[in-house]
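Undergrad: Heads up: the sequence lines are chains S and C, in that order. By numbering that gives the first Met the number 0, the letter at position 176 of the first sequence is numbered 175, and the numbering carries on one by one without gaps. By numbering that gives the first Met the number 0, the letter at position 120 of the second sequence is numbered 119, and the numbering carries on one by one without gaps. The C-beta atom is built at its ideal place from N, Cα and C for all residues, glycine as well. Since the structure is predicted, the reported quantities are computational estimates derived from the model, not experimental observations. Right, I'll just put the structure down here and ask away after.
Number of protein chains: 2
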Amino acid sequence: MRRMTARPANAHQARLLKLLRDGGPNSRAQLGDQVDLSRSKLAVEVDRLLETGLVVADGLAASRGGRRSHNVRLNPHLRFLGVDIGATSVDVAVTNAELEILGHINQPMDVREGPVAVFEQVLSMAAKLRASGLAEGFDGAGIGVPGPVRFPEGVPVAPPIMPGWDGFPVREALSQDLGCPVMVDNDVNLMALGEQHAGVARTVADFLCVKIGTGIGCGIVVGGQVYRGTTGSAGDIGHIQAVPDGRPCACGNRGCLEAHFSGAALARDAVEAAQQGRSAELAARLETHGALTAADVAAAAAAGDATCLDLIREGGSRTGQVIAGLVSFFNPGLVVIGGGVTGLGHTLLAAIRTQVYRQSLPLATGNLPIVLGELGPTAGVIGAARLISDHLFSPA
Amino acid sequence: MRRMTARPANAHQARLLKLLRDGGPNSRAQLGDQVDLSRSKLAVEVDRLLETGLVVADGLAASRGGRRSHNVRLNPHLRFLGVDIGATSVDVAVTNAELEILGHINQPMDVREGPVAVFEQVLSMAAKLRASGLAEGFDGAGIGVPGPVRFPEGVPVAPPIMPGWDGFPVREALSQDLGCPVMVDNDVNLMALGEQHAGVARTVADFLCVKIGTGIGCGIVVGGQVYRGTTGSAGDIGHIQAVPDGRPCACGNRGCLEAHFSGAALARDAVEAAQQGRSAELAARLETHGALTAADVAAAAAAGDATCLDLIREGGSRTGQVIAGLVSFFNPGLVVIGGGVTGLGHTLLAAIRTQVYRQSLPLATGNLPIVLGELGPTAGVIGAARLISDHLFSPA
DNA sequence: GCCTCTTTGTCCTGGGAGTGGAGAAAGTTG
DNA sequence: CAACTTTCTCCACTCCCAGGACAAAGAGGC
Chain S
0 MRRMTARPAN AHQARLLKLL RDGGPNSRAQ LGDQVDLSRS KLAVEVDRLL
50 ETGLVVADGL AASRGGRRSH NVRLNPHLRF LGVDIGATSV DVAVTNAELE
100 ILGHINQPMD VREGPVAVFE QVLSMAAKLR ASGLAEGFDG AGIGVPGPVR
150 FPEGVPVAPP IMPGWDGFPV REALSQDLGC PVMVDNDVNL MALGEQHAGV
200 ARTVADFLCV KIGTGIGCGI VVGGQVYRGT TGSAGDIGHI QAVPDGRPCA
250 CGNRGCLEAH FSGAALARDA VEAAQQGRSA ELAARLETHG ALTAADVAAA
300 AAAGDATCLD LIREGGSRTG QVIAGLVSFF NPGLVVIGGG VTGLGHTLLA
350 AIRTQVYRQS LPLATGNLPI VLGELGPTAG VIGAARLISD HLFSPA
Chain C
0 MRRMTARPAN AHQARLLKLL RDGGPNSRAQ LGDQVDLSRS KLAVEVDRLL
50 ETGLVVADGL AASRGGRRSH NVRLNPHLRF LGVDIGATSV DVAVTNAELE
100 ILGHINQPMD VREGPVAVFE QVLSMAAKLR ASGLAEGFDG AGIGVPGPVR
150 FPEGVPVAPP IMPGWDGFPV REALSQDLGC PVMVDNDVNL MALGEQHAGV
200 ARTVADFLCV KIGTGIGCGI VVGGQVYRGT TGSAGDIGHI QAVPDGRPCA
250 CGNRGCLEAH FSGAALARDA VEAAQQGRSA ELAARLETHG ALTAADVAAA
300 AAAGDATCLD LIREGGSRTG QVIAGLVSFF NPGLVVIGGG VTGLGHTLLA
350 AIRTQVYRQS LPLATGNLPI VLGELGPTAG VIGAARLISD HLFSPA
C-alpha cells in the first residue's frame with residue numbers, strides 16, 4: 000500500500016485532525032461544535048481532508064434528534080511506529096492514527112552496543128509487527144532515546160549512558176530505513192507526552208514527569224508543550240546533588256541523586272545487603288539468579304522484607320527531597336512518577352510524598368497530586384506516536 | 000489631558016505597536032520590512048493606529064536612496080507608571096511608551112505596614128512625579144510585589160513576608176485610585192521582564208533571573224514568556240533546602256536557602272561576626288550605625304575584610320549549589336543574578352559560578368553565561384512598565 | 001400513516017478584506 | 001537635467017467566508 004504523505008494545508012485542518020485523533024470518529028456537526036468555523040467553511044475543509052485520504056467517511060452517526068450526521072474518522076490504515084529505547088531494553092509498538100496501540104513488543108537490549116546494532120534490532124522488531132499483519136507500512140515514527148537530543152535535528156548530544164551515539168543522525172538514518180518521517184526526543188519527554196495524551200496528565204497544562212529507571216530524568220511540560228531547554232538537556236535531574244559529599248557518581252561529582260537512587264543504584268544496594276546478610280530474602284534471590292535488580296527489591300519488599308522497605312523508603316526520601324526543590328521552583332499542577340522503579344509502588348510514592356509535602360511551601364503543594372503514571376511501559380511508545388502525529392498533523 | 004484608552008484592534012496592530020515600542024520611531028517602509036503584510040494593508044493598519052491616537056506622525060525619515068519616508072512613533076504623551084514594592088523600599092518610575100525612564104523615585108518603606116499604607120505612599124510618590132511635569136496622567140501601571148500573585152486577578156496569595164496582603168485586590172484598588180489599567184506581578188518576574196526588555200537577556204528565549212534581596216526568588220522565562228506556575232508561586236526558591244538540618248527558617252523547615260543567604264541572613268551573620276570580634280571592620284560599622292546590612296558587608300569586603308569575604312563566598316556557594324540544581328533541571332540559556340545583594344559583586348558571582356560549573360553537567364553549563372543584571376534597581380520598574388505595555392498593546 | 005418539529009447538509013449570494021499593479025510623488029546620483 | 005530609487009496612494013480584481021434559503025433525513029405525537 001502506498002503510504003499517506005499528505006499534511007494539513009492550514010491550521011484549521013490541523014485542528015480537525017487533532018480533534019479526530021483525540022476524540023475518535025466524529026460527525027461533521029460535532030466537529031462544528033468544537034471549532035469556530037461556519038458550516039460552509041467546515042464542510043470545505045473536511046472535504047479537502049477527505050480528498051487527501053487522511054480522513055475517510057465512517058457511516059452514519061446516531062441521531063441527535065433530527066437528521067443523522069455522516070461520521071468522519073482518521074484513515075484506519077494509517078500506522079505510526081513508536082520506539083522507546085531504554086538503557087537495557089527496547090519497546091516498539093504500532094498504533095493507528097488515534098494512537099491506540101495495536102501491537103507492542105519489548106526486548107532486552109543494551110543501548111551501549113551503539114546505534115547501528117540497536118537500529119538493526121528495532122527494524123527487525125518493526126518488521127515482525129508488520130509481518131503479523133498489523134501494518135503494511137508506517138506513515139511516521141517517533142523514537143525516544145535515553146539521553147539529551149538536539150530536537151530540531153533529531154540528534155543525540157553528549158549522552159552520558161550512550162557512548163557511540165553522540166551526534167549520530169538518528170532521525171535521518173531511521174527515516175531512510177523506514178521510508179517515513181521520523182521525530183526523535185528524549186525518552187522522558189515522550190513518557191510525559193504519553194501520560195498527557197492518554198494517562199493521568201490529560202487535563203493539566205503544567206506538570207512534571209519523573210522517570211526513575213536505570214537513570215533518573217524528568218519531563219517538563221509547560222502550557223501543554225514539552226519544554227526541552229536551550230541545549231535539549233532540560234529535565235536532567237539525575238545529577239542534582241541529593242547528598243552532600245555522598246557517593247561518587249559516574250559524572251565525577253559526589254552525592255548525585257542517581258548515585259543514591261535509581262535502578263542501577265538500587266541493584267547495587269540490594270547485592271550489598273544480601274552479601275552482608277541483612278536480608279535473607281535478597282540473599283536467596285541472589286543465590287538463584289546470580290544477580291539482583293530493582294524488581295527483586297520490589298518483590299522482597301512486597302513479601303515484607305524490612306531491609307528492602309528501608310532501601311525503598313530511603314531512596315524515595317532522597318528523590319522526594321530533589322522533587323521538593325523542583326516543586327518549589329516550578330510550581331507544577333501535577334507530578335507523575337514513572338519508569339521501571341514504579342514496581343516499588345506505594346511504598347516509594349509515600350516516601351516521596353512525605354518529603355515533598357514536608358519541604359515545599361503549602362501554596363505549591365496545597366493542591367498538588369503526586370501520582371504514579373497510568374500507562375506503565377506503554378507511556379513511552381504512546382508518547383512517541385504522539386510526537387510524530389503532532390508533527391504530521393501540523394501545517395507543513 | 001484625556002488619557003488614551005484605545006487598544007489595538009487586531010494582532011497586526013499589536014505587532015506594530017510592539018515594534019514601535021522596542022525599536023523607537025520607524026518609517027512605514029521599515030515597519031513593512033519587519034512584518035509580513037502588503038503595503039496597502041500596512042498603510043491601512045498604520046492609519047487606524049494614527050486615528051486611535053496611540054501612534055503619531057513624526058516627521059520625515061532619512062532617505063534610503065529615494066523618496067523620504069514619513070516616520071511614525073508611539074504617542075510621546077503616553078505615560079506608564081512602574082511600581083516595584085520591595086520588602087524594605089518602594090521604587091516608582093514614570094516611563095514613556097517606549098519604556099524609557101523619565102523619572103524614578105526610591106523610598107524606604109516596610110511592606111509589612113500593609114497595603115493601605117503602602118499604596119498611600121505609592122500614590123504620593125506618583126503624584127510627586129506627576130507634579131514635576133513628567134506626566135499629566137498615566138495610561139497604565141505595572142506593579143510588582145514581593146510574593147506570589149494570582150496573576151489573572153492581580154491578587155497576592157499567601158505571601159509569607161507580606162502579612163495583611165493576602166487576598167487584597169491590588170489590581171482593582173490601584174486601578175481605581177490611578178484611573179488607569181493596572182497589572183500586578185511578582186517582583187522577581189518583573190525583574191526578569193526588565194532584563195529581557197532592556198538588559199542582559201534581550202536575545203535569550205529561556206533564562207532564569209535570580210534575585211537576592213531580603214529574600215530569594217527566581218524569575219523563569221520560557222520561550223520569551225514569564226512562567227508563573229499553577230498557583231503563581233513558581234520561582235519561589237528561597238525555601239529549597241540548601242543545607243540538610245541547617246538553620247531553622249521562618250517557614251518551619253530547616254536549612255532553607257533563604258535562612259543561610261539573603262539580605263536578612265547576611266545582616267544577621269554580620270552582626271554576629273562583629274559581636275564575636277571576628278571582624279574589626281564590621282564591629283566599627285555596627286558601633287556607628289547601630290545595625291548592619293548587606294551593604295555594610297559589601298563595603299567591608301571591598302576593604303578586604305577576610306571574614307566578610309568568607310561570608311559572601313559561603314553564601315554564594317550555597318546559592319550556587321541550588322542554582323546548579325535548577326540549571327540541570329531547566330537548562331537555561333542564561334542566568335542573571337540581581338537584587339540588593341548584587342552590591343557584593345564579583346566575589347559573589349565567582350562563588351556562584353564555581354559551584355554551578357562544578358556541579359552541573361557540561362552540556363547544560365557549556366555555553367551558559369552567569370552574569371549580574373545590567374539594570375540594577377531600575378530592572379523592576381522597567382519590567383513593570385513592560386508588563387502593562389504588553390497588556391495594553393495586545394488586542395482587547 | 002401523517003403531520004410537525006428538529007437536525008444536518010448543500011448551495012448560493014453578498015460583503016469584506018487584502019493583494020498586487022499602475023502610476024504619481026519625492027529624492028538621489030552623476 | 002536625466003535616469004534611477006524609494007515611498008506612497010489608488011484601484012480593480014480575487015478570494016474567502018459568513019450566513020440565509022432550502023432540501024434531505026429523521027424523531028415524536030396523535
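Using C-beta distances below 8 Å, list every residue in its chain close to residue 47 of chain S, excluding the 5 sequence neighbours before and after it, in chain order.
TA: For this step, residue 47 of chain S is matched to residue 48 along the first sequence. Here the set comprises 8, 12.
Undergrad: Taking the DSSP output, what are the residues bridged to residue 94 of chain C?
TA: If you number the second sequence from 1, residue 94 of chain C lands on position 95. Paired residue(s): C:79, C:100.
Undergrad: Which partner residues of residue 215 of chain S appear in the DSSP bridge assignment?
TA: For the purposes of this step, residue 215 of chain S is identified with residue 216 of the first sequence, where counting begins at 1. In DSSP, residue 215 of chain S forms a bridge with S:211.
Undergrad: Report yes or no: is there a C-beta of chain S within less than 8 Å of the C-beta of residue 197 of chain C?
TA: By one-based count along the second sequence, residue 197 of chain C stands at place 198. Not closer than 8 Å to any Cβ of chain S, the Cβ of residue 197 of chain C fails to qualify, so no.
Undergrad: From residue 80 of chain C to residue 183 of chain S, what distance separates their C-alpha atoms?
TA: The residue labelled residue 80 of chain C in the question sits at position 81 within the second sequence. The residue labelled residue 183 of chain S in the question sits at position 184 within the first sequence. Their backbone Cα atoms lie some 47 Å apart in a straight line.
Undergrad: For chain S, check one thing: does any of its Cβ atoms lie closer than 8 Å to the Cβ of residue 157 of chain C?
TA: Reading the second sequence from its first residue, position 158 is the one you call residue 157 of chain C. Yes, contact with chain S.
Undergrad: Could you confirm whether any beta carbon from chain C is found closer than 8 Å to the beta carbon of residue 397 of chain S?
TA: Limits of chain S in this structure are 0 at one end and 395 at the other, which puts residue 397 of chain S out of reach.
Undergrad: Hey, how far is the Cα of residue 378 of chain C from the Cα of residue 190 of chain C?
TA: Counted from its first residue, the second sequence places residue 378 of chain C at position 379. Counted from its first residue, the second sequence places residue 190 of chain C at position 191. Each residue's Cα considered, the two are about 5 Å apart.
Undergrad: At a Cβ threshold of 8 Å, is residue 232 of chain S touching chain C?
TA: Along the first sequence, one-based indexing puts residue 232 of chain S at 233. For residue 232 of chain S, the answer is yes, since a Cβ of chain C falls inside 8 Å of its Cβ.
Undergrad: By Cβ distance, which residues of its chain are closer than 8 Å to residue 147 of chain S, with the 5 residues on each side in sequence left out?
TA: The sequence position of residue 147 of chain S within the first sequence is 148, counting from 1. Answer for residue 147 of chain S: 155, 156, 157, 158, 185, 230, 231, 232, 235, listed in chain order.
Undergrad: Determine which residues share a DSSP beta bridge with residue 295 of chain C and list them.
TA: Your numbering for residue 295 of chain C matches position 296 in the second sequence. DSSP, once it has assigned bridges, lists no residue as partnering residue 295 of chain C.
Undergrad: Using only the alpha-carbon positions, how far apart do residue 369 of chain S and residue 336 of chain S sit?
TA: Working through the first sequence from its first residue, we reach residue 369 of chain S at position 370. Working through the first sequence from its first residue, we reach residue 336 of chain S at position 337. Residue 369 of chain S and residue 336 of chain S have their C-alpha atoms roughly 7 Å apart.
Undergrad: If you reduce the DSSP assignment to three classes, tell me which class residue 260 of chain C lands in.
TA: Counted from its first residue, the second sequence places residue 260 of chain C at position 261. Correct three-state label for residue 260 of chain C: coil.
Undergrad: Are three or more beta carbon pairs between the region 337-355 of chain C and the region 293-312 of chain C nearer than 8 Å?
TA: Taking 8 Å as the limit for Cβ pairs, the verdict is that the region 293-312 of chain C does touch the region 337-355 of chain C.
Undergrad: Tell whether a beta-carbon distance below 8 Å holds between residue 163 of chain S and residue 113 of chain S.
TA: Along the first sequence, read from residue 1 onward, the residue named residue 163 of chain S stands at position 164. Along the first sequence, read from residue 1 onward, the residue named residue 113 of chain S stands at position 114. Yes, the pair counts as a contact, with Cβ atoms nearer than the cut-off.
Undergrad: Take the Cβ of residue 261 of chain S as the centre, count every other Cβ of all protein chains shown within 10 Å, and call the residue buried at 16 or more, exposed below.
TA: On the first sequence, position 262 is the one that residue 261 of chain S refers to. So residue 261 of chain S counts as buried.
Undergrad: Compute the beta-carbon to beta-carbon distance between residue 340 of chain S and residue 334 of chain S, rounded to the nearest angstrom, for a pair I have assumed lies under 8 Å.
TA: As a working note, residue 340 of chain S is residue 341 in the first sequence. As a working note, residue 334 of chain S is residue 335 in the first sequence. Going by Cβ atoms, the distance from residue 340 of chain S to residue 334 of chain S rounds to 15 Å, so no, they are not a contact pair.
Undergrad: Along chain C, which residues have their Cβ under 7 Å away from the Cβ of residue 258 of chain S?
TA: Reading the first sequence from its first residue, position 259 is the one you call residue 258 of chain S. Those within 7 Å of residue 258 of chain S in chain C number zero; the least Cβ separation is about 13 Å.
Undergrad: Would residue 74 of chain C and residue 55 of chain C qualify as a contact pair, given that the criterion is a beta-carbon distance under 8 Å?
TA: For the purposes of this step, residue 74 of chain C is identified with residue 75 of the second sequence, where counting begins at 1. For the purposes of this step, residue 55 of chain C is identified with residue 56 of the second sequence, where counting begins at 1. If you check the CB distance, residue 74 of chain C and residue 55 of chain C come in under 8 Å.
Undergrad: Pick out whichever of S:98, S:102, S:86 has its Cα sitting closest to the Cα of residue 92 of chain S.
TA: Translated into the one-based positions of the first sequence, residue 92 of chain S becomes position 93. Ranking the options by Cα distance to residue 92 of chain S, first place goes to S:102.
Undergrad: Chain C partners of residue 229 of chain S, CB-CB under 7 Å?
TA: Taking the first residue of the first sequence as 1, we reach residue 229 of chain S at position 230. 205, 330, 331, 332, listed in chain order.
Undergrad: Residue 115 of chain C: buried (16+ other C-beta within 10 angstroms of its C-beta) or exposed?
TA: Mapped onto the second sequence, residue 115 of chain C falls at position 116. Label assigned to residue 115 of chain C: exposed.
Undergrad: Between which two residues does the alpha helix (DSSP H) carrying residue 288 of chain S extend?
TA: In the first sequence, residue 288 of chain S corresponds to position 289, counting from 1. Where residue 288 of chain S is concerned, the enclosing alpha helix (DSSP H) stretches over 279-288.
Undergrad: Looking at residue 265 of chain S: is its Cβ nearer than 8 Å to the Cβ of residue 296 of chain S?
TA: Numbered from its first residue, the first sequence carries residue 265 of chain S at position 266. Numbered from its first residue, the first sequence carries residue 296 of chain S at position 297. Cβ atoms of residue 265 of chain S and residue 296 of chain S: closer than 8 Å.
Undergrad: Where does residue 371 of chain S fall in DSSP's three states?
TA: Locating residue 371 of chain S in the first sequence gives position 372, counting from the first residue. DSSP places residue 371 of chain S in strand when its eight states are reduced to three.
Undergrad: Within the 8 Å Cβ cut-off, does residue 274 of chain S reach chain C?
TA: As a position in the first sequence, residue 274 of chain S is number 275, starting the count at 1. No, residue 274 of chain S lies away from the interface with chain C (no Cβ there is under 8 Å from its Cβ).
Undergrad: Determine the direct distance from the alpha carbon of residue 3 of chain C to that of residue 380 of chain C, and round the result to whole angstroms.
TA: Here the question's residue 380 of chain C lines up with position 381 in the second sequence. Here the question's residue 3 of chain C lines up with position 4 in the second sequence. Taking the straight line from one Cα to the other gives about 21 Å.
Undergrad: Alpha carbon to alpha carbon, how far is residue 179 of chain S from residue 393 of chain S? Give it in angstroms, no decimals.
TA: Counted from its first residue, the first sequence places residue 393 of chain S at position 394. Counted from its first residue, the first sequence places residue 179 of chain S at position 180. In a straight line, the C-alpha of residue 393 of chain S is about 16 Å away from that of residue 179 of chain S.
Undergrad: Along chain C, in chain order, which residues have C-beta atoms closer than 7 Å to that of residue 226 of chain S?
TA: If you number the first sequence from 1, residue 226 of chain S lands on position 227. Within chain C, the residues near residue 226 of chain S are 221.
Undergrad: Report yes if the C-beta distance between residue 324 of chain C and residue 320 of chain S is below 8 Å; otherwise report no.
TA: Within the second sequence, the letter at position 325 stands for residue 324 of chain C. Within the first sequence, the letter at position 321 stands for residue 320 of chain S. No, Cβ-Cβ distance for residue 324 of chain C and residue 320 of chain S is not below 8 Å.
Undergrad: Provide the residue span of the alpha helix (DSSP H) that contains residue 188 of chain S, from first to last.
TA: As a first step, residue 188 of chain S must be located in the first sequence, where it is residue number 189. 186-197 is the extent of the alpha helix (DSSP H) around residue 188 of chain S.
Undergrad: For residue 61 of chain C and residue 43 of chain C, what's the separation of their Cα atoms in angstroms?
TA: By 1-based counting over the second sequence, the position of residue 61 of chain C is 62. By 1-based counting over the second sequence, the position of residue 43 of chain C is 44. Each residue's alpha carbon lies about 23 Å from the other.
Undergrad: Is it right to say residue 280 of chain C is buried, meaning 16 or more other beta carbons lie within 10 angstroms of its own, or is it exposed?
TA: Here residue 280 of chain C corresponds to residue number 281 of the second sequence, with the count starting at 1. Buried, since its Cβ has 16 or more Cβ neighbours within 10 Å.
Undergrad: Starting from residue 336 of chain S, trace the alpha helix (DSSP H) both ways and give me its first and last residue.
TA: The sequence position of residue 336 of chain S within the first sequence is 337, counting from 1. Per DSSP, residue 336 of chain S is not a residue of any alpha helix (DSSP H); the beta strand (DSSP E) it occupies stretches across 334-337.
Undergrad: Taking residue 141 of chain S as part of the beta strand (DSSP E), name the residues at either end of that continuous run.
TA: Here residue 141 of chain S refers to the residue found at position 142 when the first sequence is read from its first residue. Note, residue 141 of chain S: beta strand (DSSP E), 139-144.
Undergrad: Residues of chain S with CB closer than 9 Å to the CB of residue 236 of chain C, please, in chain order.
TA: As a first step, residue 236 of chain C is located in the second sequence; it is residue number 237 there, counting from the start. Within 9 Å Cβ-Cβ: 324, 327, 328.
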